[in-house]
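Enquirer: For the record, the sequence lines run as chains A and B.
For the first sequence, counting from 1, position 386 maps to 386 in the numbering used here; every step adds exactly one.
Counting from 1 along the second sequence, just add 1000 to a position and that's the residue number in the numbering used here.
Heads up, the beta-carbon is just placed ideally off N, CA and C, and yes, glycines get one too.
Here the structure is a predicted model, which is why all the values come from computation and not from measurement.
Protein chains: 2
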Amino acid sequence: MILRLLRHPGERPARRLLARLHPADIAELVPLLTPDELAELWRTLLELRLATRTLRELDGDARERVLAQLADEQVSTVIARLSAHDAVDLLESLEPARRASLLEALDPARSAQLSNLLRYGPATAGGLMDPEVPRFFADETVAATLERVRTLAEERRLFYLYVVDDREHLLGIVSLWQLVSAAPERRLREILSADVVTVRADTPEEEVAQEFKRYDLLMMPVVDADGRLAGAIHVDDVLDVVEEQATEDLYRLANLDVHEDLATRPARSVRLRLPWLLINLATASLAAFVVSLFQETIAKYVVLAVFMPIVAGMGGNAGTQTLTLMVRGIALGEMDLRRSGAVVARQTLVGFMNGLLTGLALGLAALAWERNAVLSGVLMFAQTLNLTVAGFFGALVPVTLKQMRLDPALGSSIFVTTATDVGGFLSFLGTATLLLSILQP
Amino acid sequence: MILRLLRHPGERPARRLLARLHPADIAELVPLLTPDELAELWRTLLELRLATRTLRELDGDARERVLAQLADEQVSTVIARLSAHDAVDLLESLEPARRASLLEALDPARSAQLSNLLRYGPATAGGLMDPEVPRFFADETVAATLERVRTLAEERRLFYLYVVDDREHLLGIVSLWQLVSAAPERRLREILSADVVTVRADTPEEEVAQEFKRYDLLMMPVVDADGRLAGAIHVDDVLDVVEEQATEDLYRLANLDVHEDLATRPARSVRLRLPWLLINLATASLAAFVVSLFQETIAKYVVLAVFMPIVAGMGGNAGTQTLTLMVRGIALGEMDLRRSGAVVARQTLVGFMNGLLTGLALGLAALAWERNAVLSGVLMFAQTLNLTVAGFFGALVPVTLKQMRLDPALGSSIFVTTATDVGGFLSFLGTATLLLSILQP
Chain A
1 MILRLLRHPG ERPARRLLAR LHPADIAELV PLLTPDELAE LWRTLLELRL
51 ATRTLRELDG DARERVLAQL ADEQVSTVIA RLSAHDAVDL LESLEPARRA
101 SLLEALDPAR SAQLSNLLRY GPATAGGLMD PEVPRFFADE TVAATLERVR
151 TLAEERRLFY LYVVDDREHL LGIVSLWQLV SAAPERRLRE ILSADVVTVR
201 ADTPEEEVAQ EFKRYDLLMM PVVDADGRLA GAIHVDDVLD VVEEQATEDL
251 YRLANLDVHE DLATRPARSV RLRLPWLLIN LATASLAAFV VSLFQETIAK
301 YVVLAVFMPI VAGMGGNAGT QTLTLMVRGI ALGEMDLRRS GAVVARQTLV
351 GFMNGLLTGL ALGLAALAWE RNAVLSGVLM FAQTLNLTVA GFFGALVPVT
401 LKQMRLDPAL GSSIFVTTAT DVGGFLSFLG TATLLLSILQ P
Chain B
1001 MILRLLRHPG ERPARRLLAR LHPADIAELV PLLTPDELAE LWRTLLELRL
1051 ATRTLRELDG DARERVLAQL ADEQVSTVIA RLSAHDAVDL LESLEPARRA
1101 SLLEALDPAR SAQLSNLLRY GPATAGGLMD PEVPRFFADE TVAATLERVR
1151 TLAEERRLFY LYVVDDREHL LGIVSLWQLV SAAPERRLRE ILSADVVTVR
1201 ADTPEEEVAQ EFKRYDLLMM PVVDADGRLA GAIHVDDVLD VVEEQATEDL
1251 YRLANLDVHE DLATRPARSV RLRLPWLLIN LATASLAAFV VSLFQETIAK
1301 YVVLAVFMPI VAGMGGNAGT QTLTLMVRGI ALGEMDLRRS GAVVARQTLV
1351 GFMNGLLTGL ALGLAALAWE RNAVLSGVLM FAQTLNLTVA GFFGALVPVT
1401 LKQMRLDPAL GSSIFVTTAT DVGGFLSFLG TATLLLSILQ P
């Protein structure tokens, strides 16, 4: 019924229906429509201001098919309403020729911003900057500059003026206050301060954020490889970077896709989480395989199975502690990669010591519960080894990923958990098997 | 030997030794010294600029004892060098009388800042603000104000002027540009814009950060309950808040103490992580207890033990996914707590669907491996239930903590893992036991 209505999306009943449907639900119907119906639907959605949200709910393939069928003006209207990040995603999925013609159709400021994002990548100073920053020439007088500032100050916050030579090389800055305090006939060249923190357009955004924090800046000029002024970054955009970066670390440690949030509809959540769960299933099978090697031992001493969850749980927890500390330390720039050997050694030592202490607690508890000294000894030994492995891999995995220029958080929790599971079960069940064969030859 | 040298810390050999020792190592020797030796050591450490770092390495009790033995001037020198956060920690550990006299001895700006932190708490707008913000009175003329700005602008960034009435109630703001463009004889009252975003001093810092992002602000005035100007928050301090908040979420989900970082020495790391590991040991014992109820079943079918790591691992992973999504969503203000029922239901549904799908994969893999249809069926069922439990508790725990006005991340991962372990083993081993008794009566 809904579908029948949507086949005539321009008519009143369909419009009323569309206005009430969730964009996610509209998205599910889109693949069922013919090109003509789709074009009409899109016109209606644009009028109802639902087009952008519906497009965002469409997945890769469906989205590309929709975009291919829409007219350029319809796509530009959507791009104008999308966030810069989503707009770049959309533009990147199009052919270069269409991308260029769409960019031209946008208003110049938006077009320049998106071109920069496409050129430098979204995670760089170039992608982050506002390229529209006004340039002031070194040979201009204070009086002429004041006149220009007067017209500019109405539409933007202008606290610092960036002074360039006639080939746009950045020479220095003049604060608004310096400008109004200076004699009108002086030239900017004479009053500028050359002591200015700049950043290259290809600098990763994490480093940009660290510079902002180090110098307590409100804005920072961005230069190209030749020192020419390319734009400026405002601190409020850095605020978003810091937050997104932290969310990414969190998500990656939990094996979540960065595109999911609390508003994601269930079907999409399932699709986004499933790959990670299947990878985890495969790696957990490795732990299961290790256990399967010791079925005979477990058959003789079923109590070993009782303690398996403790071995796995403690290793996982200790590994996550180390991993999180490392990932955050690397993200915040606390880590000197040349000293990574010492850091891994230190974390392994912490794991060993905590393994010894919790192993003691576990061994004593097991002794009280099961009154079996051999079992207690095995648990103590396995727990110590388990947490040593957790410390070692919890530190080694993110350091190695970072040295390979990959994200230290990506997939590392699955790797570390597998290492602690395998290491824990091997040491626990292996030692038990060994001792059993000695005690009962 | 070292200790003998340190008994005369003012002499050359001891000075040379101290300069080479790590503050953490000095800290370990401090409890062994007599009060006189300690006072002399501290004088030397202050000269060597090692006192602050040594103090930071001392733990609660040892630190209090050291502080009790030091003269007020020695403590103030240290406070002046500590970060605001550490300084407040230190001041809070002292008696009120001594705290007040130490605050008086500090330079006025530092003293005002620390008093605010102590009064409003560090995690509020009041703790975050700079109370030293200049007040401009509404009846002042533009000319007089320009004169005052001239003297102020040299030492601080002054982009907006906060205009107050004679009882310091905030009336509005005047931008520097509005000021220099206005006729000199006009009064601030006539040129101010009253449309200004303010924040109350007792607002939590998370909300402050959200306001800054919503309005893209560079600074925001802070007012007390009566609307009087109390200070101003700069965006660079908000940058630190956003970052600290994210680190806290990450750390709490991983059961790490927020005071640990990559530079923490091993002994302290062990102490900080051990409590969480022991709590985890206790909750993991609950899972072990559940397994112990099914020892008979496992003895008959040892292969069940082989699949236990998969049950535990998948439940833990799915629970962490949901939990992380919820904690971050709540922190970023995505969550409407009145709709928490719907959110929990949605996450449970996602867990159920992923449980069904991964259960199918697991069941088929087990069928290929073990050629046992009953085992496969049990695994499918248990996996579905396991991930449903993971979705339910992964969402419910942080929501409940938030509604109790606690941190949604604190301890929640241990609770959720316990729930998935217990739920997973109960459903897996429980169903297996049930089916076995049916098949083999």
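Which residue spans inside the segment 89-154 of chain A form an unbroken beta strand (DSSP E) run of at least 3?
Expert: Counting only runs of 3 or more, we get 135-137.
Enquirer: Using the C-alpha atoms, what's the distance from Ala390/A back to Ala312/A?
Expert: Along the first sequence, read from residue 1 onward, the residue named residue 312/A stands at position 312. Along the first sequence, read from residue 1 onward, the residue named residue 390/A stands at position 390. Rounded to the nearest angstrom, the two C-alpha atoms are 11 Å apart.
Enquirer: Note down, in chain order, each residue of its chain lying with its Cβ closer than 8 Å to the Cβ of Ala229/A, except the 5 sequence neighbours on either side.
Expert: In the first sequence, counting from the first residue as 1, residue 229/A sits at position 229. Note that residue 229/A is Leu in the sequence shown here, rather than Ala. Same-chain partners within the cutoff: Val133, Arg135, Tyr162, Val164, Glu168, His169, Leu170, Pro221, Val222, Val223.
Enquirer: Buried or exposed for Asp107/A, please, with buried defined as at least 16 other CB atoms from any protein chain shown within 10 angstroms of its CB.
Expert: Residue mapping note: residue 107/A aligns to position 107 of the first sequence, counting from 1. Looking at its Cβ environment, which holds fewer than 16 other Cβ atoms inside 10 Å, Asp107/A is exposed.
Enquirer: Quick check: what's the CA-CA separation for Val422/A versus Leu274/A?
Expert: Position 422 of the first sequence, counted from the first residue, corresponds to residue 422/A. Position 274 of the first sequence, counted from the first residue, corresponds to residue 274/A. Roughly 23 Å separates the two Cα atoms.
Enquirer: Closer than 8 Å, Cβ to Cβ, to anything on chain B: give me those residues from the segment 211-225 of chain A, in chain order.
Expert: Correct list: Phe212, Lys213, Asp216, Leu217, Leu218.
Enquirer: Assess, as a yes-or-no matter, whether the segment 261-269 of chain A is touched by the segment 1296-1316 of chain B under the definition of 3 or more beta carbon pairs within less than 8 Å.
Expert: With a cut-off of 8 Å, the segment 261-269 of chain A and the segment 1296-1316 of chain B do not count as touching, because too few Cβ pairs lie within range.
Enquirer: Which value, in whole angstroms, describes the spacing of the CA atoms of Thr203/A and Val197/A?
Expert: To locate residue 203/A, count along the first sequence from 1; it is residue 203. To locate residue 197/A, count along the first sequence from 1; it is residue 197. Going from the Cα of Thr203/A to the Cα of Val197/A covers about 13 Å.
Enquirer: Looking at the structure shown, is Tyr215/A part of a helix, part of a strand, or coil, going by DSSP?
Expert: As a first step, residue 215/A must be located in the first sequence, where it is residue number 215. Helix at Tyr215/A.
Enquirer: Assign Val1142/B to buried or exposed, taking buried as 16 or more other Cβ atoms, counted over all protein chains shown, within 10 Å of its Cβ.
Expert: Residue mapping note: residue 1142/B aligns to position 142 of the second sequence, counting from 1. Buried: at least 16 other Cβ atoms inside 10 Å.
Enquirer: Given 8 Å as the limit, is there contact between the segment 1243-1256 of chain B and the segment 239-255 of chain A, that is, 3 or more CB pairs closer than that?
Expert: With the cut-off at 8 Å, the segment 1243-1256 of chain B and the segment 239-255 of chain A touch.
Enquirer: If you run the structure through DSSP and keep just helix, strand and coil, what is Val350/A?
Expert: As a position in the first sequence, residue 350/A is number 350, starting the count at 1. If DSSP states are grouped into helix, strand and coil, Val350/A belongs with the helices.
Enquirer: Please name the residue in Ala1097/B, Asp1061/B, Ala1105/B whose C-alpha comes closest to that of Val1078/B.
Expert: Walking along the second sequence from the start, residue 1078/B turns up at place 78. The shortest Cα separation from Val1078/B among Ala1097/B, Asp1061/B, Ala1105/B belongs to Ala1105/B.
Enquirer: Taking only beta-carbon positions, decide if Met129/A is within less than 8 Å of chain B.
Expert: Taking the first sequence and counting its residues from 1, the one referred to as residue 129/A is at position 129. Not one chain B Cβ lies under 8 Å of Met129/A.
Enquirer: Between Pro275/A and chain B, is the shortest Cβ-Cβ distance under 8 Å, so that the two count as touching?
Expert: As a first step, residue 275/A must be located in the first sequence, where it is residue number 275. Closer than 8 Å: no.
Enquirer: Under 8 Å between C-beta atoms, does Ser1285/B make it to chain A?
Expert: On the second sequence, residue 1285/B is found 285 positions in, with the first residue counted as 1. Ser1285/B counts as touching chain A.
Enquirer: Say whether the segment 391-406 of chain A touches the segment 425-434 of chain A, bearing in mind that this needs 3 or more beta-carbon pairs closer than 8 Å, one atom from each stretch.
Expert: No, the segment 391-406 of chain A does not touch the segment 425-434 of chain A.
Enquirer: Compare the C-beta of Arg1012/B against all C-beta atoms of chain A and say whether one is closer than 8 Å.
Expert: As a working note, residue 1012/B is residue 12 in the second sequence. Not closer than 8 Å to any Cβ of chain A, the Cβ of Arg1012/B fails to qualify, so no.
Enquirer: Since Asn386/A meets chain B, which of its residues come closer than 8 Å, beta carbon to beta carbon?
Expert: Working through the first sequence from its first residue, we reach residue 386/A at position 386. In chain order: nothing, as chain B lies at least about 11 Å away.
Enquirer: For the segment 101-131 of chain A, which residues have a CB atom closer than 9 Å to at least one CB atom of chain B, in sequence order?
Expert: Going along the segment 101-131 of chain A in chain order, one finds no residue with a Cβ nearer than 9 Å to chain B.
Enquirer: Apart from the five residues on each side of it in sequence, which residues of its chain come closer than 6 Å, Cβ to Cβ, to Phe415/A?
Expert: The count along the first sequence starts at 1 and reaches residue 415/A at position 415. If we look at Phe415/A and ignore the five residues flanking it on each side, its Cβ neighbours are Val397.
Enquirer: Using only the alpha-carbon positions, how far apart do Ala201/A and Asp1086/B sit?
Expert: The sequence position of residue 201/A within the first sequence is 201, counting from 1. The sequence position of residue 1086/B within the second sequence is 86, counting from 1. Between Ala201/A and Asp1086/B, the C-alpha separation is close to 36 Å.
Enquirer: Contact check, Ser1101/B vs Val306/A under 8 Å by CB: the rounded distance?
Expert: Position 101 of the second sequence, counting from 1, holds the residue named residue 1101/B. Position 306 of the first sequence, counting from 1, holds the residue named residue 306/A. Contact flag wrong, Cβ pair sits at about 60 Å.
Enquirer: Give me the DSSP bridge partner(s) of Val1172/B.
Expert: Residue 1172/B sits at position 172 when you count from the first residue of the second sequence. With the sequence shown as reference, residue 1172/B is identified as Gly, and Val is not the correct amino acid for it. For Gly1172/B, which the question treats as bridged, DSSP gives the partners Val1163/B.
Enquirer: Would you say Thr1283/B and Thr1418/B are within 8 Å of each other, going by their C-beta atoms?
Expert: To locate residue 1283/B, count along the second sequence from 1; it is residue 283. To locate residue 1418/B, count along the second sequence from 1; it is residue 418. Result yes, Cβ atoms of Thr1283/B and Thr1418/B sit closer than 8 Å.
Enquirer: Between which two residues does the beta strand (DSSP E) carrying Leu1229/B extend?
Expert: Position 229 of the second sequence, counted from the start, is the residue given in the question as residue 1229/B. Taken as a continuous stretch (DSSP letters only), the beta strand (DSSP E) holding Leu1229/B covers 1229-1234.
Enquirer: Hey, could you find the ends of the alpha helix (DSSP H) Asn1280/B is sitting in?
Expert: Counting from one through the second sequence, the residue named residue 1280/B turns up at place 280. It spans 1266-1292 - the alpha helix (DSSP H) in which Asn1280/B sits, taken as one unbroken run.
Enquirer: Taking 8 Å as the CB-CB limit, is Leu262/A close to chain B?
Expert: Indexing the first sequence from 1 puts residue 262/A at position 262. Chain B contact via Cβ: present.
Enquirer: Sort out for me which residues DSSP pairs Val1222/B with in a bridge.
Expert: By one-based count along the second sequence, residue 1222/B stands at place 222. For Val1222/B, which the question treats as bridged, DSSP gives the partners Val1199/B, Gly1231/B.
Enquirer: Specify, as a first and last residue, the run of the alpha helix (DSSP H) that Arg1007/B falls within.
Expert: Counted from its first residue, the second sequence places residue 1007/B at position 7. From DSSP, Arg1007/B is part of no alpha helix (DSSP H); its letter is neither H nor E.
Enquirer: Could you please give the first and the last residue of the uninterrupted alpha helix (DSSP H) stretch that includes Ala409/A?
Expert: As a position in the first sequence, residue 409/A is number 409, starting the count at 1. First-last for Ala409/A: undefined, no H or E at that position.
Enquirer: State the DSSP-derived secondary structure class of Pro204/A, mapped to helix, strand or coil.
Expert: Looking up residue 204/A in the first sequence gives position 204. Reduced to three states, the DSSP call for Pro204/A is strand.
Enquirer: For a contact meaning CB atoms closer than 7 Å, what does Gly1316/B contact in chain A?
Expert: As a working note, residue 1316/B is residue 316 in the second sequence. Within 7 Å Cβ-Cβ: Gly316.
Enquirer: With which residues is Ser1193/B paired in a DSSP beta bridge?
Expert: As a position in the second sequence, residue 1193/B is number 193, starting the count at 1. Looking at the DSSP assignment, Ser1193/B forms a beta bridge with Ile1173/B.
Enquirer: Could you name the residues of the same chain whose beta carbon sits closer than 8 Å to that of Ala183/A, not counting the 5 residues immediately before and after it, in chain order?
Expert: For the purposes of this step, residue 183/A is taken as the residue at position 183 of the first sequence. Closer than 8 Å at the Cβ level, and outside the excluded window around Ala183/A, lie Val142.
Enquirer: Cβ closer than 8 Å: which chain B residues qualify as neighbours of Gly329/A?
Expert: As a position in the first sequence, residue 329/A is number 329, starting the count at 1. Per Cβ cutoff of 8 Å: Asp1261, Leu1262.
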